[in-house]
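Asks:
Residue numbers (the working numbering): 2 to 343.
1. Using a Cβ-Cβ cutoff of less than 7 Å, which residues in the same chain neighbour residue 215 once the five nearest sequence positions on both sides are dropped?
2. Check whether the segment 37–49 and the segment 190–204 are in contact - that is, three or more C-beta pairs closer than 8 Å.
3. Enumerate in chain order the residues of its own chain whose CB-to-CB distance from residue 260 is below 6 Å, with the five nearest sequence positions on each side excluded.
4. Measure from the alpha carbon of residue 310 to the alpha carbon of each residue in 108, 266, 278, 286, then state which is nearest.
5. Skipping 5 residues on each side, what residues in its chain have a beta carbon closer than 6 Å to that of residue 101?
6. Identify which residue in 46, 137, 127 has its Cα closest to the Cα of residue 68.
7. Measuring alpha carbon to alpha carbon, tell me which of 155, 133, 300, 130 ends up nearest residue 139.
8. Let me know the secondary structure DSSP gives residue 39 once reduced to three states.
9. Report yes if the C-beta distance between residue 232 and residue 242 is below 9 Å; otherwise report no.
10. Do you know offhand how far residue 109's Cα is from residue 289's?
11. Suppose you measure from the CA of residue 56 to the CA of residue 257; what does that come to, to the nearest Å?
12. In three-state terms, what does DSSP make of residue 22?
13. Have a look at residue 159 and residue 254 and give me their C-alpha separation to the nearest angstrom.
14. Express the C-alpha separation of residue 114 and residue 104 in angstroms, rounding to a whole number.
15. Residue 181: buried (16+ other C-beta within 10 angstroms of its C-beta) or exposed?
16. For residue 307, count the other beta carbons within 10 Å of its own beta carbon; 16 or more makes it buried, fewer makes it exposed. Which is it?
17. For the candidate residues 93, 268, 45, 29, whose alpha-carbon lies nearest to that of residue 235?
18. How would you label residue 193, buried or exposed, when you count the other beta carbons within 10 angstroms and need 16 or more for buried?
19. In whole angstroms, give me the CA-to-CA distance for residue 146 and residue 208.
20. Applying the 10 Å Cβ sphere with the 16-neighbour rule, what's the burial state of residue 323?
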């Protein structure tokens, strides 16, 4: 049963990708988190295109469809209706000796733990995999194989799924025995910059090893001055994506902007023979404010549809001229369609 819930949760994140990050959920993020993503599930599933895509993907996967239908029928809990928001976190530190990494998903919604537990008890297979218990007074679903996902209800409106380390870290923050993300002033300040009205937003630490690799490239070297990133994505009549980088010092902002403008110019040159891509790149805006640099893209959905039609027509013409392999062309169109859905 827990595996089915995890499957449904992962599926929702993958299809929406990781809700308005309410302050109460934000306070539950453990201090070990280096990457945080929030998904406004309620906003996504209210979008007709997204809901259609979600249902189509369910139909394509018999395993997911069966797991979803069984879970809803047995527990009375429909993630697309009862979940409102989800905050996913993970630590950037990898400990090869640890049985699991510190990661989890904090979910807000309407839960009925007793009915979920009753469904688990009635499932002859569930008892082989999990145990219903209490951890520090909180109702919990504990896997017999510690490598599987843990589940814990903080109350009837908040639940946590994830690794043992991740779930217990959130539980300890709730109890006040573990520090939350607010104990890391620099990172918490970045979290405060998230667009709370976005369909999806997130933030993270730029890994030190990645910064070292960037320094090896003369053109990209200035980007090693970036310490954190945060982004926001909105899906509606207008598709909006804003990616921001936090520069270590204000005096380094100019060189970072020069590097970004150079990469954008290079992309435009490389895609010169693909005018549809060029149309998108010409809409990209680069700006800087204080120590924050931003790459922003805002495209009306109607414009994206128009560009898609142009690209499909161009590929069709190239096929007719023998310039593109039929199967390769087919793959390109499918990738484009999938990108639009996401």
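Glycine included, every Cβ here is placed at the ideal spot set by N, Cα and C.
Replies: On the basis of the data shown:
1. Stepping through the chain shown from its first residue, residue 215 is reached at position 214. For residue 215, where only same-chain residues beyond five positions count, the Cβ hits under 7 Å are 221, 222, 224, 225.
2. yes
3. As a position in the chain shown, residue 260 is number 259, starting the count at 1. Excluding residues within five positions, the ones whose Cβ falls inside 6 Å are 223, 224.
4. As a first step, residue 310 must be located in the chain shown, where it is residue number 309. Closest by alpha carbon: 278.
5. Residue numbering aside, residue 101 sits at position 100 when the chain shown is read from its first letter. So the qualifying residues of the chain are 164, 165, 166.
6. Here residue 68 refers to the residue found at position 67 of the chain shown. Taking only the C-alpha atoms, the option nearest residue 68 is 127.
7. In the chain shown, the residue the question calls residue 139 occupies position 138. For the residues 155, 133, 300, 130, the minimum Cα distance to residue 139 belongs to 155.
8. Translated into positions along the chain shown, residue 39 becomes position 38. Strand at residue 39.
9. On the chain shown, position 231 is the one that residue 232 refers to. On the chain shown, position 241 is the one that residue 242 refers to. The answer is yes: Cβ separation under 9 Å.
10. Walking along the chain shown from the start, residue 109 turns up at place 108. Walking along the chain shown from the start, residue 289 turns up at place 288. Near 34 Å, if we compare the C-alpha coordinates of residue 289 and residue 109.
11. Walking along the chain shown from the start, residue 56 turns up at place 55. Walking along the chain shown from the start, residue 257 turns up at place 256. Roughly 42 Å between the two C-alpha positions.
12. Mapped onto the chain shown, residue 22 falls at position 21. Note that residue 22 scores a pLDDT of 42, beneath 50, so its modelled location is shaky and nothing firm can be said.
13. For this step, residue 159 is matched to residue 158 along the chain shown. For this step, residue 254 is matched to residue 253 along the chain shown. Approximately 40 Å, taken between the alpha carbons.
14. Locating residue 104 in the chain shown gives position 103, where the first residue counts as 1. Locating residue 114 in the chain shown gives position 113, where the first residue counts as 1. Residue 104 and residue 114: Cα-Cα distance of roughly 22 Å.
15. For the purposes of this step, residue 181 is taken as residue 180 along the chain shown, with counting starting at 1. The residue in question, residue 181, is buried, as its Cβ has 16 or more Cβ neighbours within 10 Å.
16. Along the chain shown, read from residue 1 onward, the residue named residue 307 stands at position 306. Burial call: exposed.
17. Position 234 of the chain shown, counted from the start, is the residue given in the question as residue 235. Nearest of 93, 268, 45, 29 to residue 235, Cα basis: 45.
18. Reading the chain shown from its first residue, position 192 is the one you call residue 193. So residue 193 ends up on the exposed side.
19. As a working mapping, residue 146 is identified with position 145 in the chain shown. As a working mapping, residue 208 is identified with position 207 in the chain shown. Each residue's Cα considered, the two are about 31 Å apart.
20. Here the question's residue 323 lines up with position 322 in the chain shown. Burial call: exposed.
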